[in-house]
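*Asks:* One structure, pasted below without further comment.
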Amino acid sequence: MNDRRNEQPLLAKKVWKLGDNINTDLMLPGPYLYRTPEEQARAVFMNNRPGWVDAVQQGDAIVGGYNYGMGSSRPAARSLRNCGVGFLLAEALNGLFFRNSVNYGLLAFECPGVSKAFEEGDQAELSIERWEARNPRTGQTLAVTPVPDMLLSIMRGGGVLPLLEQQGLIRRKA
Amino acid sequence: MGMTMTEKILARAGKTAQVKPGDVAVVDVATAVLLDMSFLPEGWVEILKVHDPNKVAIIYDHMVPAPTIQAATCQTIGRAFAAKFGIERLHDVGAEQGIAHAVVADRGYALPGSVLVCADSHTCAGGAFNCAARGVGGPDMLYAVTTGKAWFKVGETARYDFIGKLKPGVSAKDIFLTIAGTHGAHVNQNVEYGGPGMSSLSINGRRTLATMGTELSADFVIFEPDDALVDYMRERNPGAAFELTKPDADAAYAVRRTIDLGSLEPLVALPDAVVNNSVKVSQVAGQKIDQAFIGSCANGTLDDLAVAAKVVKGRKVAKGVRLIVTPGTQATFRAALKAGYVETLLEAGAVVTPATCGACIGGHMGVLGPNEVCITASTRNFKGRMGDPSSRVFMGSPATVAASALAGTITSAAEFFQGDVS
Ligand code: SF4
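Residue numbers (this note's numbering), protein chains in the order written: chain A, 118 to 291; chain B, 2 to 423.
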């Protein structure tokens, strides 16, 4: 599972740039907490980027600033995954948001310098094999902070639920 | 190399000699707290095995008493789950209900030296009790409940040493607003509090400060233990075993700062962000308000209700302003009733609600309408947090909020504490 030689980098056709301190209320507004994951995914960024959910395409990347995902433990990472976000790179990730990213299978990594290196609309490449992000427009490459193997395999395996299911500890709805 | 309190507790719970920043610690969970929200029918997966029912507590708080059919459904699922696995600590609507972190405090569930997890970001509230308590996500809760374990990526630790004593009218909330305003966030760091001035803070004051650690984006927030903590634990959770944990003398800190409590003044955070956003009360004095709120897991303690009652006693809430007060737990509500605080608040024109997250989360019992202005003694003032996205939320101490409710504009509470001795 952790053998990553020969892996192709992930390519995002479009980068969406969000700023510093993007909080979980922006990704999953309070009034949607009790809605279905599908309805929640329709509410992402409705207060700071109305219309984003219609514009985002499968595999797009989010580039965030400092303390991305600050706020509550609500499943904001699941909403981003359900919106089709291919990966997320931020200057710094909030610890709780990072946990949820691991556990819901959203590829979210820290990449110092990323908010300067990308403009909105750029493409982005991410190589987990080399722990590197690249901007094809400028040719600039940045180091991505590696995630410990145990967490990376949960993240890439789709999160913690499939794991518990395999062990017979939970049963998910069909 | 010595360890911080966080590192020591995680090492013990992970049965290893040493834990250091950068490690992933896999630890035994002493207490796993589920909420009404944990049982959302859309997100709930069926648990087939519970690791240890005695290590689980279920506390209903976010939508209580159920304002919607969906909230009611969560509660139904939770009750069935508790019955199926024999989970005795079910804090259902009634005498023992309250905001989870406040119930944990009331009942002494956050055992010093142990690990506690809950799917709510303000779980670090339990750090007031020298407990490594941490908000985690829903999947983490499933993991903890079914396997008895949790993983944590260990961060560096920031240490604050308190000296001196708060002046009358200055509260733990103002300590937080000072730290958040002066030093900013502690992203991916633990925050530890101690020093010779720490013991001058009441247990309830420590709870406010530990709870607000979430707004510093801290991982774990841990207070050093003292005699007051031991007395509190013995009274609230008689017979419970715990292990007081102090930092090693040669523990390594990312940063270490001293705060002279006696030098602090009441502050207010401006709308939309808590961090790097604090100003002196005088700088926003005169700002008109529609609502004033005192409550939440951070400021629904008996100390907070006492201060609010002291300020409004014999006076009236300004015309056109709603003062909403929400005790943290029903037990705190009863204690405030006995002490006469509730009557004083009601006579002044406040609305006292049952214990719930309610207005704090913009859920119910005090939601803000378009363009309304609120001053709150709760945890968050993010855009749209307490209602309509166009509403604006200032944050202050319970004293500042109560004084503002009387004036109808943001105002200093200093006059109500003149002549008090600290
Ligand atoms: S009172 Fe507010 S901050 Fe505390 S748990 Fe409830 S919603 Fe969260």
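All residues carry an ideal CB built from backbone N, CA and C; glycine is no exception.
If you're wondering where the values come from, they're calculated on a predicted model, not measured in any experiment.
(1) Less than 8 Å between CB atoms is the rule here; does Tyr221(A) satisfy it with respect to chain B?
(2) Buried or exposed for Thr262(A), please, with buried defined as at least 16 other CB atoms from any protein chain shown within 10 angstroms of its CB.
(3) Any idea what DSSP makes of Met272(A), helix, strand or coil?
(4) Given that Tyr194(B) touches chain A, what residues does it touch there, using C-beta distances under 8 Å?
(5) Rounded to whole angstroms, what's the CA-CA distance from Met118(A) to Ser270(A)? Just pull it up for me.
(6) Beta carbon of Cys228(A): closer than 7 Å to some heavy atom of the ligand SF4?
(7) Kindly examine the ligand SAH and report whether one of its heavy atoms sits closer than 7 Å to the Cβ of Asp304(B).
(8) Is the CB of Pro140(B) under 8 Å away from at least one CB in chain A?
(9) Scan the region 211-290 of chain A and note each continuous beta strand (DSSP E) run of 3 residues or more that stays entirely inside, going in chain order.
(10) Whose C-beta lies closer than 6 Å to the C-beta of Val374(B) among residues of the same chain, with five residues either side of it excluded?
(11) As an exercise, report each continuous alpha helix (DSSP H) stretch of at least 4 residues that is fully enclosed by the region 57-113 of chain B, in chain order.
(12) Can you say whether Leu150(A) is buried or exposed, counting buried as having 16 or more other CB atoms within 10 angstroms of its CB?
(13) Over what stretch of residues does the alpha helix (DSSP H) that includes Lys311(B) continue unbroken?
(14) Looking at the strands, I want to know which residues DSSP matches up with Lys289(B).
(15) For Lys384(B), return the contacting residues in chain A, with the cut-off set at a CB-CB distance below 9 Å.
(16) Report the residue from Ala241(B), Arg135(B), Gly95(B), Leu11(B) whose alpha carbon sits nearest the alpha carbon of Asp29(B).
(17) Cutting at 7 Å between CB atoms, please list the residues of its own chain near Gln85(A), excluding the five before and the five after it.
(18) Apply the 10 Å Cβ neighbour rule to Leu210(B) and answer buried if 16 or more other Cβ atoms are within range, or exposed otherwise.
(19) Less than 8 Å between CB atoms is the rule here; does Leu278(A) satisfy it with respect to chain B?
(20) Less than 7 Å between C-beta atoms, sequence neighbours within five positions excluded: which residues of the same chain meet that for Gly367(B)?
(21) Select from the region 123-134 of chain A all residues with a C-beta closer than 8 Å to any C-beta belonging to chain B, and list them in chain order.
(22) Looking only at its chain, what residues have a beta carbon closer than 6 Å to the beta carbon of Thr412(B), apart from the 5 residues adjacent to it on each side?
(23) Pull up the CB-CB distance for Asp147(B) and Ile48(B), whole angstroms please, since I reckon it's below 8 Å.
(24) Check whether the Cβ atoms of Gly139(B) and Ser203(B) sit closer than 8 Å, and answer yes or no.
(25) Taking the alpha carbon of Glu236(A) as the point to measure from, which residue in Leu135(A), Leu127(A), Tyr185(A), Pro126(A) has its own alpha carbon closest?
(26) Going along chain A in order, which residues have a C-beta closer than 7 Å to the C-beta of Leu265(B)?
(27) How big is the Cα-Cα spacing for Met199(B) and Phe163(B)?
(28) Using a beta-carbon distance cut-off of less than 8 Å, what residues from the region 144-158 of chain B approach chain A?
(29) Using the rule of at least 16 other Cβ atoms within 10 Å of the residue's Cβ for burial, across every protein chain shown, is Asp421(B) buried or exposed?
(30) So that I know if they touch, is there some Cβ in chain B lying closer than 8 Å to that of Asn199(A)?
(31) Under 8 Å by Cβ, that's how I've got Ala378(B) and Lys174(B) pegged, so tell me the actual separation to the nearest angstrom.
(32) Examine the ligand SF4 and report whether any of its heavy atoms sits within less than 7 Å of the Cβ of His184(B).
(33) Quick check: is any heavy atom of the ligand SF4 less than 7 Å from the C-beta of Ile88(B)?
(34) With respect to 7 Å, is the separation between the Cβ of His123(B) and the closest non-hydrogen atom of the ligand SF4 below this value?
(35) Applying the 10 Å Cβ sphere with the 16-neighbour rule, what's the burial state of Asn278(B)?
(36) Measuring only the C-alpha atoms, how far is Gly288(A) from Pro253(A)?
*Replies:* With the structure as the only source:
(1) Working through the first sequence from its first residue, we reach residue 221(A) at position 104. For Tyr221(A), the nearest CB of chain B lies under 8 Å from its own CB, placing it at the interface with that chain.
(2) Counting from 1 along the first sequence, the entry for residue 262(A) is found at position 145. Exposed is the call here.
(3) Position 155 of the first sequence, counting from 1, holds the residue named residue 272(A). Note: Met272(A) maps to helix in three-state DSSP.
(4) Mapped onto the second sequence, residue 194(B) falls at position 193. Those within 8 Å of Tyr194(B) in chain A number zero; the least Cβ separation is about 19 Å.
(5) Taking the first sequence and counting its residues from 1, the one referred to as residue 118(A) is at position 1. Taking the first sequence and counting its residues from 1, the one referred to as residue 270(A) is at position 153. Interpretation of Met118(A) is limited by its pLDDT of 43, a score under 50 that renders its predicted location unreliable; no figure is taken from the coordinates.
(6) For the purposes of this step, residue 228(A) is identified with residue 111 of the first sequence, where counting begins at 1. Not under cutoff, so the answer is no.
(7) Absence of the ligand SAH from the depicted structure is noted, with the ligand SF4 being the only ligands included.
(8) Counting from one through the second sequence, the residue named residue 140(B) turns up at place 139. So, interface residue.
(9) Taking 3 residues as the minimum length, the beta strand (DSSP E) runs contained wholly in the region 211-290 of chain A are 225-227, 241-244, 249-251, 258-260, in order along the chain.
(10) If you number the second sequence from 1, residue 374(B) lands on position 373. These residues qualify, in order along the chain: Ile290, Asp291, Arg393.
(11) Listed in chain order, they are 70-86, 101-108.
(12) Stepping through the first sequence from its first residue, residue 150(A) is reached at position 33. With a 10 Å radius around the Cβ and a threshold of 16 neighbouring Cβ atoms, Leu150(A) comes out buried.
(13) The residue given as residue 311(B) occupies position 310 in the second sequence. Segment 303-313, the alpha helix (DSSP H) holding Lys311(B).
(14) For the purposes of this step, residue 289(B) is taken as the residue at position 288 of the second sequence. Lys289(B) is bridged to Thr410(B).
(15) On the second sequence, residue 384(B) is found 383 positions in, with the first residue counted as 1. At a beta-carbon threshold of 9 Å, the residues of chain A lying near Lys384(B) are Asn140, Asp142, Leu143, Asn164, Asn165, ordered along the chain.
(16) Sequence index remark: in the second sequence, residue 29(B) carries index 28 (1-based). That would be Leu11(B), whose Cα lies nearest to the Cα of Asp29(B).
(17) Residue 85(A) lies beyond the range of chain A shown here (118 to 291); nothing can be said about it.
(18) Here residue 210(B) refers to the residue found at position 209 when the second sequence is read from its first residue. That one is buried.
(19) Here the question's residue 278(A) lines up with position 161 in the first sequence. So, interface residue.
(20) Here the question's residue 367(B) lines up with position 366 in the second sequence. Excluding residues within five positions, the ones whose Cβ falls inside 7 Å are Gln292, Phe294, Ile325, Gly359, Ala360.
(21) Among the residues of the region 123-134 of chain A, none has a Cβ less than 8 Å away from any Cβ of chain B.
(22) Within the second sequence, residue 412(B) is the residue found at index 411, counting from 1. The beta carbon of Thr412(B) lies closer than 6 Å to those of Ala286, Ala404, Ser405 in the same chain, with the five residues before and after it left out.
(23) What you label residue 147(B) is simply residue 146 of the second sequence in a count that begins at 1. What you label residue 48(B) is simply residue 47 of the second sequence in a count that begins at 1. Reading off the sequence shown, one finds Thr at residue 147(B), where the question assumed Asp. Yes, Thr147(B) and Ile48(B) are in contact; Cβ-Cβ is about 6 Å, under 8 Å.
(24) Here residue 139(B) is taken as the residue at index 138 of the second sequence, counted from 1. Here residue 203(B) is taken as the residue at index 202 of the second sequence, counted from 1. Taking 8 Å as the cut-off, the beta carbon of Gly139(B) is found no closer than this to the beta carbon of Ser203(B).
(25) Stepping through the first sequence from its first residue, residue 236(A) is reached at position 119. Of Leu135(A), Leu127(A), Tyr185(A), Pro126(A), the residue nearest in Cα terms is Leu135(A).
(26) Counting from one through the second sequence, the residue named residue 265(B) turns up at place 264. Within chain A, no C-beta atom comes nearer than 7 Å to that of Leu265(B); the closest sits roughly 25 Å away.
(27) For this step, residue 199(B) is matched to residue 198 along the second sequence. For this step, residue 163(B) is matched to residue 162 along the second sequence. A direct Cα-Cα distance of roughly 6 Å separates Met199(B) from Phe163(B).
(28) Answer set for the region 144-158 of chain B: Tyr144, Thr147, Thr148, Trp152, Lys154, Gly156.
(29) Within the second sequence, the letter at position 420 stands for residue 421(B). By the C-beta density criterion, Asp421(B) is exposed, having fewer than 16 other C-beta atoms within 10 angstroms.
(30) Walking along the first sequence from the start, residue 199(A) turns up at place 82. No, its Cβ sits nowhere closer than 8 Å to a Cβ of chain B.
(31) On the second sequence, position 377 is the one that residue 378(B) refers to. On the second sequence, position 173 is the one that residue 174(B) refers to. Right, the Cβ-Cβ distance comes to about 6 Å (below 8 Å), so this counts as a contact.
(32) Mapped onto the second sequence, residue 184(B) falls at position 183. False, no ligand heavy atom lies under 7 Å from that Cβ.
(33) Taking the first residue of the second sequence as position 1, residue 88(B) is located at position 87. Ile88(B) Cβ: outside cutoff for every heavy atom of the ligand SF4.
(34) Locating residue 123(B) in the second sequence gives position 122, where the first residue counts as 1. Yes; taking the cut-off as 7 Å, the Cβ of His123(B) has a heavy atom of the ligand SF4 nearer than that.
(35) Residue numbering aside, residue 278(B) sits at position 277 when the second sequence is read from its first letter. Classification for Asn278(B): buried.
(36) Within the first sequence, numbered from 1, the residue matching residue 288(A) stands at position 171. Within the first sequence, numbered from 1, the residue matching residue 253(A) stands at position 136. Inspection of the sequence shows that residue 288(A) is occupied by Arg rather than by Gly. Arg288(A) and Pro253(A): Cα-Cα distance of roughly 43 Å.
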